Each structure stands twice: as C-alpha cells, then as structure tokens.
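J.: Got a structure for you, written out below as structure tokens; questions coming shortly.
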Amino acid sequence: MPARSFLHELNPLTKVAWSLAVITVAFAFQQPLPLLGLWASVLVVALAGGILKTILPAIRGLIIFAGIFILFQIFLIGEGNTVFTLIPGLGFGRVTDVGLTACTMLALRMLAMTSTIPVILATTPPKEMIVAFVEKLRVPYVYALMLVTSLRFIPTLQEELHLIVQAQRARAYDLESRNIFRRLAGIVPLALPLLLVSVQRARTMAISMETRGFGAGPRTSLRTSTFSALDAGVIAACLLCTLALVLIALR
Amino acid sequence: MMEPIIKIENFTFYYPDSQAAALAGINLAIRPGEFVGLTGPTGAGKTTLTLALNGIIPNFQGGRLAGRVTVAGRDTATTPCARLAGIIGSVFQDPEAQLVAETVEDELAFGLENLAVPREEMRARITMALEMVAITGLRHRPLSQLSGGQKQKVAIAAAAALQPRILVLDEPTSELDPRSSLEIVNLLQRFNRDYGMTIILIEQKVSLLAPLVPRMVCLHQGRIVADAAPRQVLNQDQLVAELGLEIPPVTTLFRLLRRAGAYHGDLPLEVDQGCRELERLLGPAGTGAFPCRRQ
Amino acid sequence: MIRAEAVAFTYPNGFRALQGFSFEIKAGEFVALIGANGAGKTTLLKLLGGLLKPTAGRLMVGGLDTSRVRVAELARRVGFLFQNPDHQLFLPTVREELAFGPRNLGLKGRALAERAAGAAAAVGLTPYLEANPRQLSKGQRQRVALASILAMEPPVLVLDEPTTGQDYREALEIMTIIQQLHRQGHTVLCVSHDMEMVACFAERALVLGGGKLLLDGPLAAVFAREDILAATGLLPPQAIQLARAYQAAGLLPPVTTIEELYAAIIGVLRGKKDARQVLPA
Numbered sequence: 460m461p462a463r464s465f466l467h468e469l470n471p472l473t474k475v476a477w478s479l480a481v482i483t484v485a486f487a488f489q490q491p492l493p494l495l496g497l498w499a500s501v502l503v504v505a506l507a508g509g510i511l512k513t514i515l516p517a518i519r520g521l522i523i524f525a526g527i528f529i530l531f532q533i534f535l536i537g538e539g540n541t542v543f544t545l546i547p548g549l550g551f552g553r554v555t556d557v558g559l560t561a562c563t564m565l566a567l568r569m570l571a572m573t574s575t576i577p578v579i580l581a582t583t584p585p586k587e588m589i590v591a592f593v594e595k596l597r598v599p600y601v602y603a604l605m606l607v608t609s610l611r612f613i614p615t616l617q618e619e620l621h622l623i624v625q626a627q628r629a630r631a632y633d634l635e636s637r638n639i640f641r642r643l644a645g646i647v648p649l650a651l652p653l654l655l656v657s658v659q660r661a662r663t664m665a666i667s668m669e670t671r672g673f674g675a676g677p678r679t680s681l682r683t684s685t686f687s688a689l690d691a692g693v694i695a696a697c698l699l700c701t702l703a704l705v706l707i708a709l710r
Numbered sequence: 647m648m649e650p651i652i653k654i655e656n657f658t659f660y661y662p663d664s665q666a667a668a669l670a671g672i673n674l675a676i677r678p679g680e681f682v683g684l685t686g687p688t689g690a691g692k693t694t695l696t697l698a699l700n701g702i703i704p705n706f707q708g709g710r711l712a713g714r715v716t717v718a719g720r721d722t723a724t725t726p727c728a729r730l731a732g733i734i735g736s737v738f739q740d741p742e743a744q745l746v747a748e749t750v751e752d753e754l755a756f757g758l759e760n761l762a763v764p765r766e767e768m769r770a771r772i773t774m775a776l777e778m779v780a781i782t783g784l785r786h787r788p789l790s791q792l793s794g795g796q797k798q799k800v801a802i803a804a805a806a807a808l809q810p811r812i813l814v815l816d817e818p819t820s821e822l823d824p825r826s827s828l829e830i831v832n833l834l835q836r837f838n839r840d841y842g843m844t845i846i847l848i849e850q851k852v853s854l855l856a857p858l859v860p861r862m863v864c865l866h867q868g869r870i871v872a873d874a875a876p877r878q879v880l881n882q883d884q885l886v887a888e889l890g891l892e893i894p895p896v897t898t899l900f901r902l903l904r905r906a907g908a909y910h911g912d913l914p915l916e917v918d919q920g921c922r923e924l925e926r927l928l929g930p931a932g933t934g935a936f937p938c939r940r941q
Numbered sequence: 014m015i016r017a018e019a020v021a022f023t024y025p026n027g028f029r030a031l032q033g034f035s036f037e038i039k040a041g042e043f044v045a046l047i048g049a050n051g052a053g054k055t056t057l058l059k060l061l062g063g064l065l066k067p068t069a070g071r072l073m074v075g076g077l078d079t080s081r082v083r084v085a086e087l088a089r090r091v092g093f094l095f096q097n098p099d100h101q102l103f104l105p106t107v108r109e110e111l112a113f114g115p116r117n118l119g120l121k122g123r124a125l126a127e128r129a130a131g132a133a134a135a136v137g138l139t140p141y142l143e144a145n146p147r148q149l150s151k152g153q154r155q156r157v158a159l160a161s162i163l164a165m166e167p168p169v170l171v172l173d174e175p176t177t178g179q180d181y182r183e184a185l186e187i188m189t190i191i192q193q194l195h196r197q198g199h200t201v202l203c204v205s206h207d208m209e210m211v212a213c214f215a216e217r218a219l220v221l222g223g224g225k226l227l228l229d230g231p232l233a234a235v236f237a238r239e240d241i242l243a244a245t246g247l248l249p250p251q252a253i254q255l256a257r258a259y260q261a262a263g264l265l266p267p268v269t270t271i272e273e274l275y276a277a278i279i280g281v282l283r284g285k286k287d288a289r290q291v292l293p294a
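Protein chains in written order, with this note's numbering: chain A, 460 to 710; chain B, 647 to 941; chain C, 14 to 294.
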C-alpha cells in the first residue's frame, strides 16, 4: 500500500486548482528569483506529501528538458552586453546578459509549471481522477477512461519494450552503435514488435471490456468524488496566495 | 429434460478476407448447470466459438455468418454485447491484457458500474465475488503487484461479480504454472457444483480436462468431431491420433495395455483410478497400503 | 560448458531473484530447469544470455565470464529462445528473420544465406522461407524464433518454456527438434512446467524455488524427492506416481516414462502368466 498523506486525501480537482494557481503565478513574474522560489514551493509541497523521492526521476527529466531549451534559445538573443562568446574569432555563439536572464526565467517558469504534474499523478489513483472529471467537471466517461487507460498502459508497454530489447540483443543485435543513422534505423527491430504486441493487447482489452457491459448505457460508480473542509481550505489558500502574488508581481 | 441455456444451430462463420470457414455447421446444445470441456488443436475454432457465445461475434468482430446462436433465449446477433454481459461471463487467456483497472476492487467494479448497479449493492457483490474466488485479502491491492495466477482469479471474480448464469473461459491456465492451473480448475469445479453455474472451459491440456468435465466437445477444422464423455472420446484411437490430443499419461498406459490384450476394463483418466486398476492387474504392492499416495 | 559459482542476482527494486548458488553443466547435457513462476528460472536464463549480470558470484559459459563479454559476443555461444516469439519477429519474410542474427555477427553474402537456409532446414521450415512470419501459427512462429537463434550456431541453447501456448502436436514437434539438436551435440537448458515433457526429453533437472537451487540431479533422483517437488507445486510424472508403490516393494524396476512403465508391467505379467495369454502373437 502506498503511503498516505494530506496530498492523497485531497480531491483531485483541488490539486488541479493548485496546479492552475502555480501556473498563474508563474506567468505573473518576469524575474528568475521569484520563479525559483515558486519552483521550490512546488518541491516543498512534494516533500511534505512524502513523494519527493518518487517523483525525482520525473523532475530530473524536466530539468534536462529545461537545459536543452536554454541551449537552443540562448544564442538567438542578440541584445544586451556580451558575457562570453563560444568561438571568439568568428563572433559565433555570443551569449548576452539579457539572453541569459531571459532564458533562465523561461526555463524556471517552465519547471515550476510542469513540476506540479508529477505531484498530482503520484498522489492520485487514476480511478479517482476519472470520477472527479466525470462527476464534477461533466467530462464524458469514455474520454476520461481513455485518458486513464493510456496512462495505465505506459508501465505495461515499458515492460514489453524491455523484453523486446532483451530478445533482440539475444540475437546479437547491438544497440550501442555509435553511428547515429544506424541507431535511428536500429529502432525498427524494437518498434515493430512493440507495435504488434500492443495492438494485440489493445484488442484483448477491448473484447474484455465489451464482455463486461462497457457501453451498456447510463452507468453508476463505486466511488464518489467529495470535497472536504481540507479541500475548501486549500482552494481558498491557493486563491488568496495567487491574488496576493499577482498583485505584488504587477506592482 | 431442461431447456438448453445455450443453443447453437447450423452456425457457420468466416473471418473477413478469409476463404476458409472458421466454424462450419456447428450444432451444440448446452443445458443449465453443465460443465463442458472444449478442446481441439490450434486453429480448430475454439476461440471463435467462445467469441460467438459472448456476442463479440458478430457485434464486435465482423465477418460472414450463417445460422444462429441463442444464449438464455437471446439471439446473440441481435442482442448487444453489453446486454449479454450479465448472462454470460468471459475469461481470456492473457491474464494481463484483459484487466482494465488499477486495483482489484476497481476491476470488479468496472462491469457492475457499466450495468448501473447501485453503489450499495455493488459493494456487496464485490465482497461476494471475492469470497467465491477466495481472494478477499487482495481487495485493495494494485493489479500490477499480483502474480499471473492471482490476476486470472481477479478476472474470474470480475466475471462472477456480474452474477452470470454461464461462464466461458478461453484457455485460462495456458500461461500459469501447474499449481496455479490446478487452483483455477478447482475453483471452476466449485462454481459448477456449489452455484450451479454453467461452465464452458476451453483447454488444450486434455489431461487436465478429462478427469474434470462430464462432457467433452472436440473441434477440428471448424467442425465438432466428438461430443461425449471424456472416456468415450479417449476410447476413439483414430480420433485421438488425428487431432493430436494430449491425453493423460495414465490413459495412454492402459490404452497400450489394452492393445496388448493385457487389459479389458474402462480407461482410467486419473492417477488414482490407474492405481486401482494396476492393483487389480498386478496384485497389491505388498505393503498392504493403497499403492498411490493421495495428493 | 556452464559453470555457476555462487551466482546471485538482485533486481534494482531490491527483489532477490537468485540467492546465490552453484552448479555445473557439461557440454552435451540436456537439463530441465523447473520450478513455480517467480522461482527465478527466467532470471537465470537471462544471466546465461548476458542480458543481466550477476550481482554476486560468477557465471561462466564456454570459458567466458558472462559479466565481461558483450551480449552480441555471447550470442555466438548461447542461443536464447524467449517465451513469446512475437517479441522478436518483425521482418517480412522468414528468410530475412533467420538472417537477422548472423548479419548482426557480421556475416554477409553466401555465408549468410547458408546460415539462414541451414537453420530453416533444422526446424523443418524450408517450405516457409518466403512466408511472412506473422501469418504462421504460434507453433511455427516459435520455430522461426528458434531457427533465428540456431542461425548464429551457438553450442549452448537456453529455452524459456518453448511450448507455451501451443497445442500438443506443435509442442511435441518443437521438443523433438530440440532433442535432435541435443543429439547433434548442443548443450540444452530448457525451462518447462510440463513434467511429462521433462520426463521424455531431459536427462537431468535443476529445481528452483524462491531463488534457491532446491534440487540438482538425474531425473529419477529429482522426481524421487516428492516432498520438495510438492513444495514448488509440482507433481512427478504420472508413470512415477503409478509405479511408486511397486518400485518400493521391488516389484517393478525404476521408470520415468509411460513407455518404460508399460514395458515393465508387460515384463511382470509375462513372468506371472504364459506370455501367449498376455500378448497376442
């Protein structure tokens, strides 16, 4: 059983509200420092919920993504004073103070905004998400189910892919080729079996769903989505903080 | 004589783009409370037949068909799959792919929710289904943590929660180890005996099927080639050879002995019966004890 | 050919799949690997194929340390047949599928074509060389997968439940092919849940349970330990169950297969009565 915390107890929609609050605040601020603080606050929430360790790989991925983003953008901004030049003789790869600040700001904003997603996913069973979407937001059940079923498929597919990689390596297939073109072409022996196996699985699942009355008409739900006092408190706090921070930012 | 709960009349089916009939002129009647084993080599049409019973053919899987399949008085061609769900429960081969939810409880709830069962009754039915399959302790476990055998039990419980009168299982043990296979088979026997559920079990392993079911139907190239008690089916040497059926080793032994003129009785299907016959043939083993330890 | 020295393996999530044990398999042996699901059988095979590296101990195949050589290099020595052929097959014809492995080993032209043709012949798939593997039956696909391993000409074959999902005839076919390969000198290590198959084809068995090596010996000795087999959810072959009491009383010789038991019973009956009464002339 996963550890329970106040984050797990909250209604999924409360967590979505928190995520929206973080996004709003992130857009309100233009300087790196407050955005760094905002990002830190997201991580503190994760720490308080006892899931920081679980989501660390996801956060690491986001950081790498932000790093790549900086690399692509930083050379494109020409205004401001030159901080350093990659190849000084040619004037190629000039990095300016304005560019540096702007890119750091954008990267931090992106990090703060996206880091809320793994926090929500790690503390919310997909089933609760469906129920909340369907009951409170009136999203049609089929769409909510589709979304959640695809999420459920990810670990299964990862496992299949792992097996396929091993099965092809057993046929002396070398994944560690240096040549980039060979590497790209090398995806085929993995992608094709994965595709075929997944199609087969999806078909079995669809048949299994049919035989259990899927699409019979109006349906009931075992769980129900409830808002507690804690939810109300958290939403109120998010609203207040967002308002205050936006005012400060626009001052 | 009770009215059949399943009636298949002159049923023929072609998959799209296929020239060969997957099922050809099938006639089969199954009465309530029967436990029927369905066997035959790969490609004989076993899976196609199950899909015709639960309405997947023709509602979900298209193709050309002739004849009629009636389940509890309903024509499967004109009844939506979802309507058949409360009458005939289905369990498939792959323990992983047939499950749709995240936890055991949600998996059992899925079908009940689809059929709009009220919440309180849903809880009660889930509790009951878990008890029937003896997996009450797994109720709140995530499915990803379960073994193949446990997943297959969850699939059976999910079907049972809908309280169907018929359960059709397509090789539910093919990916399980011997211990889990035996557990599943014992479970089905209990369902049949204690709840009077009509059960159709598709199974390659005749050695598992023969001691279990009173009636065995053999398919070959889309046709029913035998429909009798397992002992009578296994008595037909030519049929067994032609279909390449895996028969219980103990049965093989007594068939060999019979061919040699050394044995004249009924063919045993289980080791225990074999031991009794062996004792009759060779005399007691000497210790005075029953020659086989009961398992 | 295979030597395991206190081999242990722990998955990154902390699951101790193999708890550290040793065994040796000589060249040309046919060994069955048995045990319940989750006992560590597949993990052991993956270690032999170099797909996983022991977290402790040492595993040698044909004099090579599996931790030190590349998987592609090990593939020349160990042919690993996975349980599900659909995890491997992706090319449009059987011929190309069979050439995949040897091509990865650097073979070209005629040598490559010969390998593919030879492997197809070994599993009786020559008529299907131009067929699409995905349109073959499960049993035939498994034979394609086996042939694609054989095309790399490994002296050792490790097979993970090669008969799963096939009917009895297909299962017998593939086991007979494996038996032929064994007779031609291959060392075979085969995972199986089917004790009747094991009794028919293997010479020796390793029994795993909870990541430990519970039993290791000739078939007769392994099947005699019913207590340990029962603990892993396995029953000895029916021939042994039937003959047990008579063997204990010295009335029947030791047997493992039904054919042997049949011969033994006929022998006893002949001794008892006039042979002409028992056997038709």
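All C-beta atoms in this analysis are idealised placements derived from N, C-alpha and C, irrespective of residue type, glycine included.
All of these numbers come straight from a predicted model, not from anything done at the bench.
(1) Taking the straight line between their C-alpha atoms, what separation do you get for F95 (chain C) and Q101 (chain C)?
(2) I need the boundaries of the alpha helix (DSSP H) containing Y600 (chain A), first residue and last residue.
(3) Of all Cβ atoms in chain C, is any one closer than 8 Å to the Cβ of A947 (chain B)?
(4) Is N832 (chain B) buried or exposed, if buried means 16 or more other CB atoms sit within 10 Å of its CB?
(5) Going along the chain, which residues of its own chain have a beta-carbon closer than 7 Å to the beta-carbon of Q260 (chain C), five neighbours each way excluded?
(6) Please state whether the Cβ-Cβ distance between A667 (chain B) and G868 (chain B) is less than 8 Å.
(7) Taking a contact to mean a Cβ-Cβ separation below 8 Å, would you say I710 (chain B) touches E751 (chain B) in this structure?
(8) Would L854 (chain B) count as contacting chain C if we go by Cβ distances under 8 Å?
(9) Rounded C-beta distance between S820 (chain B) and T176 (chain C)? I'm assuming under 8 Å.
(10) Can you give me the Cβ contacts of I536 (chain A) inside the same chain, cut-off strictly under 8 Å, excluding the 5 residues immediately before and after it?
(11) Give the residues of chain C in contact with I623 (chain A), contact being defined as C-beta atoms less than 8 Å apart.
(12) Taking the alpha carbon of C700 (chain A) as the reference point, which residue from A:E468, A:Q627, A:A487 has its own alpha carbon closest?
(13) Compute the beta-carbon to beta-carbon distance between I733 (chain B) and V717 (chain B), rounded to the nearest angstrom, for a pair I have assumed lies under 8 Å.
(14) Find out if the Cβ-Cβ distance for the pair V484 (chain A), L704 (chain A) is shorter than 8 Å.
(15) Where does I734 (chain B) sit, in a helix, a strand or coil, going by DSSP?
(16) What I want to know is whether the C-beta of D663 (chain B) ends up closer than 7 Å to one or more non-hydrogen atoms of the ligand COA.
(17) Determine the extent of the alpha helix (DSSP H) in which N881 (chain B) is found, giving its start and end residues.
(18) Going by beta carbon distance, what residues of the same chain come within less than 7 Å of F43 (chain C), once the five residues before and after it are set aside?
(19) Under a Cβ-count criterion, where at least 16 other Cβ atoms within 10 Å of its own Cβ denotes burial, should Q941 (chain B) be classed as buried or exposed?
(20) Counting only runs of 4+ residues fully inside the segment 482-560 of chain A, write out the alpha helix (DSSP H) ranges in chain order.
(21) What is the residue span of the beta strand (DSSP E) that N673 (chain B) lies within?
(22) Using only CA atoms, which one of B:R729, B:T782, B:A780 lies nearest to G757 (chain B)?
(23) Say whether the segment 51-67 of chain C touches the segment 140-156 of chain C, bearing in mind that this needs 3 or more beta-carbon pairs closer than 8 Å, one atom from each stretch.
(24) For K851 (chain B), count neighbouring Cβ atoms within 10 angstroms of its own Cβ and tell me buried if that reaches 16, exposed if not.
(25) What residues in the segment 677-706 of chain B bring their beta carbon closer than 7 Å to a beta carbon of chain A?
(26) What are the residues in the segment 884-905 of chain B lying within 8 Å of chain C by C-beta distance?
(27) Going by CA-CA distance only, name the one from A:A566, A:T544, A:R678 that's closest to M768 (chain B).
(28) Does the beta-carbon of D840 (chain B) have 16 or more other beta-carbons within 10 angstroms, so that it is buried, or is it exposed?
(29) Going by other Cβ atoms of all chains shown within 10 Å of its Cβ, with 16 needed for buried, is Y714 (chain A) buried or exposed?
(30) Please classify Q290 (chain C) as buried or exposed, where buried requires at least 16 neighbouring CB atoms within 10 angstroms.
(31) So what's D287 (chain C) in DSSP terms, helix, strand or just coil?
(32) Give me the DSSP bridge partner(s) of H866 (chain B).
(33) If you draw a straight line from the alpha carbon of M862 (chain B) to that of S35 (chain C), how long is it in whole angstroms?
(34) Does the beta carbon of R630 (chain A) come closer than 8 Å to any beta carbon on chain C?
(35) If distances are taken between C-alpha atoms only, which option among A:V647, A:L567, A:T615 comes closest to L497 (chain A)?
(36) By the DSSP assignment, the beta strand (DSSP E) with D180 (chain C) in it spans what residues?
T.: The answer reads as follows:
(1) The sequence position of residue 95 (chain C) within the third sequence is 82, counting from 1. The sequence position of residue 101 (chain C) within the third sequence is 88, counting from 1. Roughly 8 Å separates the two Cα atoms.
(2) Residue 600 (chain A) sits at position 141 when you count from the first residue of the first sequence. In the DSSP assignment, Y600 (chain A) falls within the unbroken alpha helix (DSSP H) covering 600-628.
(3) No answer is possible for residue 947 (chain B): it lies beyond the span of chain B, which begins at 647 and ends at 941.
(4) As a first step, residue 832 (chain B) must be located in the second sequence, where it is residue number 186. Burial call: exposed.
(5) Counting from 1 along the third sequence, the entry for residue 260 (chain C) is found at position 247. If we look at Q260 (chain C) and ignore the five residues flanking it on each side, its Cβ neighbours are P267.
(6) As a first step, residue 667 (chain B) is located in the second sequence; it is residue number 21 there, counting from the start. As a first step, residue 868 (chain B) is located in the second sequence; it is residue number 222 there, counting from the start. In this structure, G868 (chain B) lies closer than 8 Å to A667 (chain B) by Cβ.
(7) Counting from one through the second sequence, the residue named residue 710 (chain B) turns up at place 64. Counting from one through the second sequence, the residue named residue 751 (chain B) turns up at place 105. Position check: residue 710 (chain B) holds Arg in this sequence, whereas Ile was assumed. No, the pair does not count as a contact, with Cβ atoms beyond the cut-off.
(8) Taking the second sequence and counting its residues from 1, one reaches residue 854 (chain B) at position 208. No, L854 (chain B) lies away from the interface with chain C (no Cβ there is under 8 Å from its Cβ).
(9) Taking the first residue of the second sequence as position 1, residue 820 (chain B) is located at position 174. Taking the first residue of the third sequence as position 1, residue 176 (chain C) is located at position 163. Not confirmed; about 10 Å, so no contact.
(10) Indexing the first sequence from 1 puts residue 536 (chain A) at position 77. The answer, listed in chain order, is T555, V557, G558, A561, C562.
(11) Within the first sequence, the letter at position 164 stands for residue 623 (chain A). What I623 (chain A) touches in chain C: H100, Q101.
(12) The residue labelled residue 700 (chain A) in the question sits at position 241 within the first sequence. The shortest C-alpha separation from C700 (chain A) is found at A:A487.
(13) The residue labelled residue 733 (chain B) in the question sits at position 87 within the second sequence. The residue labelled residue 717 (chain B) in the question sits at position 71 within the second sequence. In this structure, I733 (chain B) and V717 (chain B) form a Cβ contact; the two beta carbons are roughly 6 Å apart against a cut-off of 8 Å.
(14) Your numbering for residue 484 (chain A) matches position 25 in the first sequence. Your numbering for residue 704 (chain A) matches position 245 in the first sequence. Yes; because the gap between Cβ atoms is below 8 Å, this pair is in contact.
(15) For the purposes of this step, residue 734 (chain B) is taken as the residue at position 88 of the second sequence. DSSP places I734 (chain B) in strand when its eight states are reduced to three.
(16) The ligand COA is absent from the structure shown, which contains no ligand whatsoever.
(17) Counting from one through the second sequence, the residue named residue 881 (chain B) turns up at place 235. In this chain, the alpha helix (DSSP H) harbouring N881 (chain B) covers 876-881.
(18) Taking the third sequence and counting its residues from 1, the one referred to as residue 43 (chain C) is at position 30. Answer for F43 (chain C): H195, V201, F214, A215, E216, listed in chain order.
(19) Taking the second sequence and counting its residues from 1, the one referred to as residue 941 (chain B) is at position 295. In this predicted model, Q941 (chain B) has a pLDDT of only 38, less than 50, meaning its place in the structure is not dependable; the value taken from the coordinates is given anyway. Result: exposed.
(20) Those alpha helix (DSSP H) runs which fall completely within the segment 482-560 of chain A and span 4+ residues are 491-507, 511-533.
(21) Counting from 1 along the second sequence, the entry for residue 673 (chain B) is found at position 27. Residues 669-676.
(22) Position 111 of the second sequence holds residue 757 (chain B). Here the closest residue by C-alpha is B:R729.
(23) The answer is no - the segment 140-156 of chain C does not touch the segment 51-67 of chain C, with fewer than three Cβ pairs under 8 Å.
(24) Walking along the second sequence from the start, residue 851 (chain B) turns up at place 205. By the neighbour-count criterion, in which a residue is buried when 16 or more other Cβ atoms sit within 10 angstroms of its Cβ, K851 (chain B) is buried.
(25) Cβ contacts with chain A come from N700, I702, F706.
(26) Listed by position, the residues of the segment 884-905 of chain B near chain C (Cβ gap below 8 Å) are G890, L891, E892, P894, P895, V896, T898, L899, L902, L903.
(27) Within the second sequence, the letter at position 122 stands for residue 768 (chain B). Comparing alpha-carbon positions, the option among A:A566, A:T544, A:R678 lying closest to M768 (chain B) turns out to be A:R678.
(28) For this step, residue 840 (chain B) is matched to residue 194 along the second sequence. D840 (chain B) should be labelled exposed.
(29) Nothing about residue 714 (chain A) can be read from this structure; chain A reaches only from 460 to 710.
(30) As a first step, residue 290 (chain C) is located in the third sequence; it is residue number 277 there, counting from the start. Low per-residue confidence applies at Q290 (chain C): pLDDT is 46, beneath 50, and the placement is therefore not dependable, though the value from the model is reported in the following sentence. Exposed: under 16 other Cβ atoms inside 10 Å.
(31) What you label residue 287 (chain C) is simply residue 274 of the third sequence in a count that begins at 1. Unreliable placement is indicated for D287 (chain C), whose pLDDT of 46 sits below 50; the coordinate value is still reported in the next sentence. Three-state DSSP puts D287 (chain C) in coil, outside helix and strand.
(32) Numbered from 1 along the second sequence, position 220 holds the residue referred to as residue 866 (chain B). DSSP, once it has assigned bridges, lists B:R869 as partnering H866 (chain B).
(33) Locating residue 862 (chain B) in the second sequence gives position 216, where the first residue counts as 1. Locating residue 35 (chain C) in the third sequence gives position 22, where the first residue counts as 1. One C-alpha to the other measures close to 47 Å.
(34) Here residue 630 (chain A) refers to the residue found at position 171 of the first sequence. Yes, R630 (chain A) lies at the interface with chain C (some Cβ there is under 8 Å from its Cβ).
(35) Reading the first sequence from its first residue, position 38 is the one you call residue 497 (chain A). Between L497 (chain A) and the set A:V647, A:L567, A:T615, the nearest pair of CA atoms involves A:L567.
(36) Position 167 of the third sequence, counted from the start, is the residue given in the question as residue 180 (chain C). No beta strand (DSSP E) holds D180 (chain C); DSSP gives it neither H nor E.
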